[in-house]
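Quick note: the sequence shown uses the numbering used here, first residue 2, plus one each step. All C-beta atoms, glycine included, are put in the ideal place defined by N, C-alpha and C.
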Amino acid sequence: EEETVLEIQLLVQCLTIICRHFDNITTIIKSSYISNCVALINSIIDKLNHQPSLSCEHQRFIKCCDYFLQALYDPYLTWRNFLRGDVANYAKLGYKISPLHPEIVPFIYDCFQAKGICKHPDVGKELFHILGAVIAGSQVALVRVPKQNINS
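Structure representation (structure tokens):
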């Protein structure tokens, strides 16, 4: 099983690198990779309910999925920069953010609400970074909405 996790982790790392070229993001988002990552993370988190801790391979896999989802939904890495104290000027960012996969937010919400992820801070931190990247990345789209559409 650990060898399989390592192989999938390598695939996710390759996808993350591919997504650093913005033209590839739309293609990756339309694929089943996101659903598969969410399903695998869910499976790993479910194991936490029966085991006191995760193996190093599982922790690294969750971190790889974190970076992958950040590359998809926050391609300018505005969330990571915000954590360092640099606030992005969203008006200058030119990339059109792709629509959010419908499984992401319910998955994160469910992890914090039902799965007791707060008992496992390392995993919770990665989920928090995914959520932060989704929110920070979506700010680019909000800046482009005409103000009359926001107020109506």
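- For the alpha helix (DSSP H) assignment, the uninterrupted runs of no fewer than 4 residues enclosed by the region 112-147 are, from N- to C-terminal side, 122-145.
- The Cβ atoms of H121 and L49 sit closer than 8 Å to each other.
- Of F23, V6, L55 and H22, the smallest CA-CA separation from N37 is found for V6.
- Contact annotation: I109 and L84 have beta-carbon atoms that are not nearer than 8 Å.
- Around the beta-carbon of T28, fewer than 16 other beta-carbon atoms lie within 10 Å, marking it exposed.
- Of all alpha-carbon atoms in I63, E4, L78 and G125, the one lying nearest the alpha-carbon of I35 is that of I63.
- Going by beta carbons, E3 and S54 fall outside the 8 Å limit.
- Less than 8 Å divides the Cβ of G138 from the Cβ of I98.
- The C-alpha of A89 is placed about 30 Å away from the C-alpha of Q10.
- Residue environment for A40: exposed (fewer than 16 other C-beta atoms within 10 angstroms of its C-beta).
- Between I42 and C66, the C-beta gap is smaller than 8 Å, which places the two residues in contact.
- Taking 4 residues as the minimum length, the alpha helix (DSSP H) runs contained wholly in the region 68-97 are 79-84, in order along the chain.
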